[in-house]
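In full-length UniProt numbering, the protein residues as written are 1 to 695.
Beta carbons: idealized from backbone N, C-alpha and C, even for Gly.
Please read all numbers here as calculations on a predicted model, not as lab measurements.
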Amino acid sequence: MSTAGRKDDHIRINLEEDVEFRQLTTGLERYHFIHQALPEIDLSSVDPTVLLVGKRIVAPILVSSMTGGTSQAGLFNRRLAEAVQAKGLAMGVGSQRAALENSDAQASFSVRTYAPDALVFANLGAVQLNYGYTVDQCRRAVEMVEADALILHLNPLQEVLQPEGDNLWGGLLSRIEQVCTQLEVPVIAKEVGWGISSLSARQLIGAGISAIDVAGAGGTSWSEVEKHRAPTGRQRRLAAAFREWGIPTVASLAYVRDARNEAQRPDLPIFASGGMRSGQDVAKALALGADLVGLAAPFLRRAVESSAAVEEEIDILVEELQIAMFATGSRNVGALRRPGVLVHETDLAVASSPFDPLFPLAVETGNSKTDGKEGPFHVTGDAGAAVGGRVTKPVGSAAATDLQLHGATEPGSHAASSTVPEKDALGAFASLWLPRLEDEMRSVLATPHPVHANHYAMMHYHMGWVDESLRPGALGAGKRIRPLLCLMASEAVGGNPAEALPAAAAVEILHNFSLVHDDIEDGDETRRHRPTLWALWGVPQAINVGDGMFALAFAALLRAAETGSDGGLTAAAGGNGRALSALDRFSRICIDLTEGQHLDLSFEEREDVSVAEYLHMIAGKTAALIAGATALGALFGGAESHETERLHQFGYNMGLAFQIQDDILGIWGDPEVTGKPAGNDILRRKKSLPLLYGL
């Protein structure tokens, strides 16, 4: 059968037969939004718009790639395109192979005629690259529809179940990589209904794919579609055997999200399609980390009627999405990702656990703006936030969600929950971001030349990465509280924590520099249950190592201004301007640290220190760095200046409380727990708060 004939078959079967999965579901039904009786927003202020590939769309909804190549398909594409143009959404076309093989079929793909302003994706089967297609055919497909990007769809199971299928899939990845390298527009990898696994996601990301559409199982079973096309009983039996095959959409979304995190590609957008049927499905997928949500079946059925019918379907979907956002107090798309907005069904009856005092209340903030440059496939949406729900296990996978949306909230939006985050949700956040923080710091503190190996190894020892013999191991690392606060502050204002990673690394490296010098000045021989740096290698070497870490902390911060090879910003979407603002704030932190330490040392010689002087001392010694951490996180999260200052004050107050608690532990704390000998503050005549009250 011809390619065009196959397309007509697919349309007919989808419209006439029951081809849905019967047992396997998308997994969305296991997640529930927490209704807010006091949403504290107006319905009219709910804004689901996002910016994708330089085009603003009214809602993150994609009319998924469906058809083309026949007169009937051309009519459907026209109606879909007219509706997309009228309503400001994005759309894809079906495989353009038929039009490349027969120019008469090109008219069925002329969606740009009817949607001149829409975001449009071209489409080819990736396997055709193993049958002679090159970047030239890909380029022709893009030019045919004047597309903004190209979808390469992956359908190995469908191909082997088709009597006319293409079964040569070996070596395809390298050819996909060539297309990604040579094509002038972004390349999207898309499954067609069986989902993307972790391995496939990692392979595709490594090949240079610009975005991934998971197209998971739970909606249309294309195995069942091919069963209805099969010409023999044997082929029908084989196709029927795979009706329930595939990765559910929610699981695939989690797999791709985790692979993106591992690859340190927070800028890589994820599309969720496969079984999406309603506005609430769209909202859930967005809350679970999708940047764009694709629907096909609902639109195909309405395209049979008219363009107006498709427009009506779009209106209903968008309105349902807006109502779901309103009822959860989510002013924008990113706010759907706040902790506690979407929860797994197992958590609905679980009462909130006491929160960890080291991690305070989420800060309610207002408007945040981003002026960042865009890479070739940059997604911006309003106020992204990361962990997709207050969960006792991470939403949708073994790892917590990552943030994909970067952009601006509308004035007065509340990008963070004002409720107490559960300890497990904070643990999920830390589990996700601590490994990436460690990688960032290891990169900054990497040995540049073998001749300097020992110098950097001493830094690694202090960071807890090597033992006293400089052998690798996880030994005596700190809690990383300050950088985690930095990342959480970025998320709280609707930013992407990944963009704050350089700042978080800078904060932690600066903190550890101060500890190296502090140990020397205080004469402490142990820290974190291990000998201090100076106790092992002497004061001169320890001073030098600390000085190196001080300089490298600034180097870490300046990494925020680096741009990727694709022209997009890697670590911080704000670029040089934001990095310079951060540098000014970071310099002030350093000065405050030295001023606070000066007072701390000088107070050892005085008996008349007041509580006010003590508070001034710890404001510089401790609070300045924690306040700086939260302020830097807000800055790299795209916060407005008043939001940044609010989070700075929050960190400042937390820093004061933290130091007071530390002073108490310095006298009465258990050395087995604190890692420091008790009573040293008294021996050194430190004017801690307990001693001031004792005097």
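Straight-line Cα distance separating residue j from residue i
i	j	result
serine 44	methionine 463	50 Å
alanine 241	leucine 286	32 Å
alanine 303	isoleucine 314	11 Å
leucine 338	aspartate 663	Looking at the sequence shown, residue 338 is not leucine but arginine. If you take the alpha carbons of arginine 338 and aspartate 663, they lie about 34 Å apart.
glutamate 272	threonine 526	Reading off the sequence, residue 272 comes out as alanine, not glutamate. Distance between the alpha carbons of alanine 272 and threonine 526 is about 51 Å.
glutamate 320	glycine 279	5 Å
isoleucine 196	tyrosine 456	41 Å
isoleucine 589	alanine 446	24 Å
alanine 542	leucine 536	9 Å
threonine 365	glycine 334	Model confidence at threonine 365 stands at a pLDDT of 33, short of 50, so the residue's coordinates are unreliable; what they give is reported in the following sentence. The straight-line gap from Cα to Cα measures roughly 13 Å.
glutamine 235	valine 63	31 Å
isoleucine 13	histidine 642	57 Å
leucine 583	isoleucine 660	28 Å
arginine 301	serine 65	14 Å
alanine 492	leucine 199	31 Å
arginine 528	arginine 442	19 Å
leucine 89	glutamate 164	34 Å
glutamate 410	glycine 638	Note that glutamate 410 scores 29 on pLDDT, short of 50, meaning its location in the model is unreliable; the coordinates nonetheless yield the value given after this. Using only the alpha carbons, I get a separation of about 12 Å.
phenylalanine 33	alanine 428	19 Å
isoleucine 509	methionine 458	13 Å
isoleucine 11	glutamate 159	17 Å
glycine 125	methionine 654	55 Å
threonine 25	glutamate 645	46 Å
glutamate 305	arginine 79	9 Å
isoleucine 667	aspartate 524	15 Å
aspartate 267	serine 71	39 Å
7 Å CB neighbourhood of residue i in its chain, flanking five on each side removed
i	result
phenylalanine 326	Pro39, Ile41, Leu43, Val46
phenylalanine 513	Gly546, Met549, Phe550, Ala553
valine 142	Ala122, Leu150, Val185
phenylalanine 109	Gly68, Asn77, Val93, Gln96, Ala99, Met144, Val145
aspartate 9	Arg229
glutamine 23	Glu244
serine 417	Confidence in serine 417 is poor, its pLDDT being 35 and thus under 50, which makes the residue's placement too unreliable to answer from.
tyrosine 614	Lys687, Leu689, Leu692
alanine 571	Caution applies to alanine 571, whose pLDDT of 36 falls short of 50 and renders its modelled position unreliable; the model cannot decide the point.
Residue i and residue j closer than 7 Å at C-beta
i	j	result
residue 696	glutamine 85	In the structure as shown, the chain begins at 1 and stops at 695. Residue 696 is therefore absent and cannot be evaluated.
proline 248	alanine 215	no
glutamate 440	alanine 505	yes
alanine 290	valine 256	no
proline 483	valine 516	no
proline 502	arginine 559	yes
valine 111	alanine 81	yes
alanine 612	tyrosine 652	no
threonine 532	aspartate 519	yes
glycine 246	tryptophan 222	no
valine 250	leucine 434	no
phenylalanine 636	alanine 500	yes
alanine 283	alanine 324	yes
glycine 74	alanine 107	yes
glycine 329	glycine 274	no
aspartate 592	alanine 624	yes
Contacts around residue i, its chain only, beta-carbon distance under 6 Å, and the 5 residues preceding and following it disregarded
i	result
alanine 489	Thr630, Gly633, Ala634, Leu647
tyrosine 693	none
glutamate 224	Val19, Arg243
glycine 596	Met617, Gly620, Lys621
histidine 598	none
glutamate 17	His228
Neighbourhood of residue i by C-beta distance below 8 Å, restricted to the same chain and skipping five residues each side
i	result
glutamine 128	Arg97, Gln137, Asp166
glutamine 162	Arg6, Glu226, Arg229
Sufficient close CB pairs (3 or more, under 8 Å) joining the segment 308–325 to the segment 97–105: no
Tell me whether the segment 172–187 and the segment 138–154 touch, counting them as touching only if at least three CB pairs, one residue from each stretch, are closer than 8 Å. Yes, the segment 172–187 is in contact with the segment 138–154.
Is there contact here, the segment 195–215 with the segment 257–265, by at least three beta-carbon pairs under 8 Å? yes
Below 8 Å, how does it come out for the segment 166–185 and the segment 127–145: are there three or more Cβ pairs, yes or no? Judged by Cβ distances under 8 Å, the segment 166–185 makes contact with the segment 127–145, as three or more pairs qualify.
Sufficient close CB pairs (3 or more, under 8 Å) joining the segment 628–639 to the segment 605–619: no
At least three beta-carbon pairs within less than 8 Å, the segment 225–237 to the segment 286–297: Judged by Cβ distances under 8 Å, the segment 225–237 makes no contact with the segment 286–297, as fewer than three pairs qualify.
Go through the segment 263–296 residue by residue and report every complete run of the alpha helix (DSSP H) that reaches 4 residues or more, in order. 279–287
Extract the residue ranges of the beta strand (DSSP E) inside the segment 30–106, only unbroken runs of 3 or more that lie entirely within it. 31–33, 50–52, 55–57, 61–63, 90–92
Would you mind listing the beta strand (DSSP E) stretches within the segment 209–256 that are 3+ residues and don't spill past its ends, in chain order? 211–213
Unbroken stretches of the alpha helix (DSSP H), 4 residues or longer, contained in the segment 302–350: 307–327
Entirely enclosed alpha helix (DSSP H) segments - the segment 484–558, minimum 4 residues: 501–522, 533–537, 539–558
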